[in-house]
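The block underneath contains the structure these notes are about, expressed in structure tokens.
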Amino acid sequence: MQDATSDERLRPGAGEELVFDATPTLAHKPTHYCPGCHHGIAHRLVSEVLDELGLAERAILVASVGCSAFSYDYFNVDAVESPHGRACAVATGIRRARPESIVFTYQGDGDMAAIGLAESVHAANRGENITAVFINNTVYGMTGGQMAPTTLLGQKTTTTPLGRHLLGEGGPIHMSEIMGGLAGVAYAERCALDSVKHIRQAKKALRTAFSCQMQGLGFSFVELLAGCPTNWHLDPLKANRRISEEMIPVFPLGVFRDVREERKQSEVQA
Amino acid sequence: MSRIVFLEERCKGCRLCMEACPAQIIRPAGRFNRQGYEVMETEGRCTGCASCALMCPDTAIRVFRDKSGGKTA
Ligand SMILES: Cc1ncc(C[n+]2csc(CCOP(=O)(O)OP(=O)(O)O)c2C)c(N)n1
Ligand code: SF4
Ligand code: SF4
Ligand code: SF4
Ligand SMILES: [Mg+2]
Chain A
1 MQDATSDERL RPGAGEELVF DATPTLAHKP THYCPGCHHG IAHRLVSEVL
51 DELGLAERAI LVASVGCSAF SYDYFNVDAV ESPHGRACAV ATGIRRARPE
101 SIVFTYQGDG DMAAIGLAES VHAANRGENI TAVFINNTVY GMTGGQMAPT
151 TLLGQKTTTT PLGRHLLGEG GPIHMSEIMG GLAGVAYAER CALDSVKHIR
201 QAKKALRTAF SCQMQGLGFS FVELLAGCPT NWHLDPLKAN RRISEEMIPV
251 FPLGVFRDVR EERKQSEVQA
Chain B
1 MSRIVFLEER CKGCRLCMEA CPAQIIRPAG RFNRQGYEVM ETEGRCTGCA
51 SCALMCPDTA IRVFRDKSGG KTA
């Protein structure tokens, strides 16, 4: 690994300002993710938001299973590993036992929307004051590209070699819409990581989600449409195009629930 | 002129920075790092917009913006 401190090029010259640097909560260690995998972008955005909101010291990550199973290695925050979809249940316990902490889960679509759907939906419905970061890459990435609940109709995976078929394998699960329909949810937004514009919006959504938790408004949820070039058998540039051309039409971007104004007003009335 | 620095040992050669650069000044360098990934280089005028760094999944880019209005060098 390059030693940043001894690299001449990393010293600002006269009239220069360092306008993009790594944020302290993102661990310096290189990740095991494939080239062009969007998990790295998502990690960076979460870390930047924790640092900008001053939450890193009291943040606790609940990690999951999937390619992000080792995410505890990549965030400089305390972490508990809760594989096989149980992250929202474990996060519930941590947040209730240590109400001063800021607790977030980081889960893939196989982990959260298949294996741990019950834990996720019920934690959200109970209005647990936690934040869930949900990575929708339409496959089980870590285990080699099997069908996920989010797999698109017609999409070929190792377990749907002829393409996913509605009657028999079901349709893609819309987690943001499901979360958006639950009374305990304070905030639900779907974003994408395929372009600079979308990445900026994703960071804004994460900031809103964590600030809902800081205000004790309930469950906050951010879905990130993310690329898995390896299991899509596409190069990283084509994988980005697949997000804009094939995923976003099925998974529209936007806010599916936001109770910030409503809860502020009910406080005024009370 | 603004400039970017590639931390070459972090780079995985995905080329997402190349496509993200509005000024289209990033290109493959024809050199490979210790992991065997082809690293990138710039050729041309950088505006310091940081689009490349926002897109990089491996935090391999640092951006220095020229505050002197581009008058020096
Ligand atoms: C109960 C259980 N089912 C299946 C597995 C195997 N397994 C490990 S990771 C994974 C898929 C995770 O996929 P996803 O959550 O979409 O994460 P990604 O790798 O795509 O980021 C599976 C099925 C397991 N470990 N435990
Ligand atoms: S398999 Fe897919 S999700 Fe997993 S690290 Fe590689 S690109 Fe990322
Ligand atoms: S900072 Fe902007 S102009 Fe400079 S290389 Fe990066 S994307 Fe291109
Ligand atoms: S986006 Fe980052 S990892 Fe990918 S080629 Fe550019 S510098 Fe390397
Ligand atoms: Mg997945």
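These protein sequence lines map, in sequence, to chains A and B.
Once you know that position 86 of the first sequence is 86 in our numbering, the rest is easy, because the numbers rise by one and skip nothing.
Once you know that position 58 of the second sequence is 58 in our numbering, the rest is easy, because the numbers rise by one and skip nothing.
Using N, Cα and C, we set each Cβ at its ideal position, and we do this for glycine too.
Secondary structure in the segment 10–48 of chain B: the alpha helix (DSSP H) runs of 4 residues or longer, each lying completely within the stretch, are 16–20 in chain order. Residue contact with chain B for L10/A: present (Cβ-Cβ distance below 8 Å to some residue of chain B). Looking from the CA of G93/A, the closest CA among G171/A, E128/A, D109/A, R164/A belongs to E128/A. For D111/A, there are no C-beta contacts with chain B under 8 Å, since the nearest C-beta of that chain is about 20 Å from it. Counting C-beta pairs with one atom in each stretch, the segment 49–61 of chain A and the segment 93–108 of chain A have three or more that are closer than 8 Å, which means they touch. Chain order gives no chain A residues near T47/B, where near means a beta carbon separation below 8 Å; the closest approach is about 11 Å. The set of residues with CB atoms less than 6 Å from any heavy atom of ligand 5 reads, in chain order, G66/A, G108/A, D109/A, G110/A, N137/A, V139/A, Y140/A, G141/A, A148/A. Within the segment 2–77 of chain A, the complete alpha helix (DSSP H) runs of at least 4 residues fall at 39–52. N137/A and C212/A do not touch by the CB rule: their CB atoms are close to 25 Å apart, not below 8 Å. Approximately 5 Å separates the beta-carbon atoms of A124/A and M179/A; this is inside 8 Å, confirming the contact. If you check each beta-carbon in the segment 185–206 of chain A against every beta-carbon of chain B, the ones closer than 8 Å belong to S195, V196, I199, R200. Sequence-distant Cβ neighbours of D73/A in its own chain, meaning closer than 7 Å and more than five residues away, are A27, K29. Rounded to whole angstroms, L225/A and M147/A show a C-alpha spacing of 16 Å. Taking 8 Å as the CB threshold, I61/B lines the interface with chain A. Relative to the Cα of D258/A, the nearest Cα in the group V185/A, T230/A, G54/A, F70/A belongs to V185/A. Apart from the 5 residues on each side of it in sequence, R31/B sits with its Cβ closer than 6 Å to the Cβ of V39 in its chain, given in chain order. Not a single C-beta of chain A is nearer than 8 Å to the C-beta of F32/B.
Proximity of chain B to V49/A at the Cβ level (cut-off 9 Å) is not reached, the minimal Cβ distance being about 14 Å. The closest heavy atom of ligand 2 lies less than 7 Å from the beta carbon of P229/A. Residues of the segment 139–170 of chain A whose Cβ lies closer than 8 Å to any Cβ of chain B: none. Look at A22/A: its beta carbon is at least 7 Å from all of the heavy atoms in ligand 3. Looking at the backbone, the Cα of L182/A and that of R126/A are separated by about 9 Å.
Apart from the 5 residues on each side of it in sequence, H32/A sits with its Cβ closer than 7 Å to the Cβ of F70 in its chain, given in chain order. Taking the beta carbon of C14/B as reference, the chain A residues within 9 Å of it are C34, P35, G36, C37, P229, D235, P236, L237, listed in sequence order.
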